[in-house]
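Input: a single structure, listed below in structure tokens.
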Amino acid sequence: MEGQEYIVRQIETDDEELNAFLFSLGCYSGEKITVVSHLRSGCIVSIKDGRYTIDHQLADAIII
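Here the working numbering is used: the first residue of the sequence shown is 155, the next is one more, and so on.
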């Protein structure tokens with residue numbers, strides 16, 4: 155839901171590059187993430203002080 159803040163429970167991926175990328179954004183277990191808006195190709199999220207466009211593959215790896 156747009157504007158809703160969530161707590162990341164875990165990152166579910168076997169892809170180490172994807173895991174490292176999400177970690178570099180500040181997206182890891184226990185961190186807050188806010189869905190800013192939904193797009194056809196993914197969504198815009200706010201993590202810490204940044205806003206990022208993530209595709210469905212990245213979004214599916216983030217378990218809230």
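The beta carbon of each residue, even a glycine, is placed where N, CA and C say it ideally should be. Values in this document were obtained by computation on a predicted structure and should not be read as measured data.
Legend entry - Neighbour flag for residue 163 against chain B, beta carbons, 7 Å: The structure shown contains no chain B; it holds only a single protein chain.
Inset, instruction - Enumerate in chain order the residues of its own chain whose CB-to-CB distance from residue 185 is below 8 Å, with the five nearest sequence positions on each side excluded. - result: Within the same chain, and ignoring the five residues on either side of residue 185 in sequence, the residues whose Cβ sits closer than 8 Å to its Cβ are 161, 162, 201, 202.
Inset, instruction - Locate the beta strand (DSSP E) running through residue 191, then write down its first and last residues. - result: 186-193
Legend entry - Continuous alpha helix (DSSP H) stretch holding residue 170: start and end: Unbroken alpha helix (DSSP H) run through residue 170: 170-179.
Inset, instruction - In the DSSP assignment, find the beta strand (DSSP E) that holds residue 209 and state where it starts and stops. - result: Residues 204-209.
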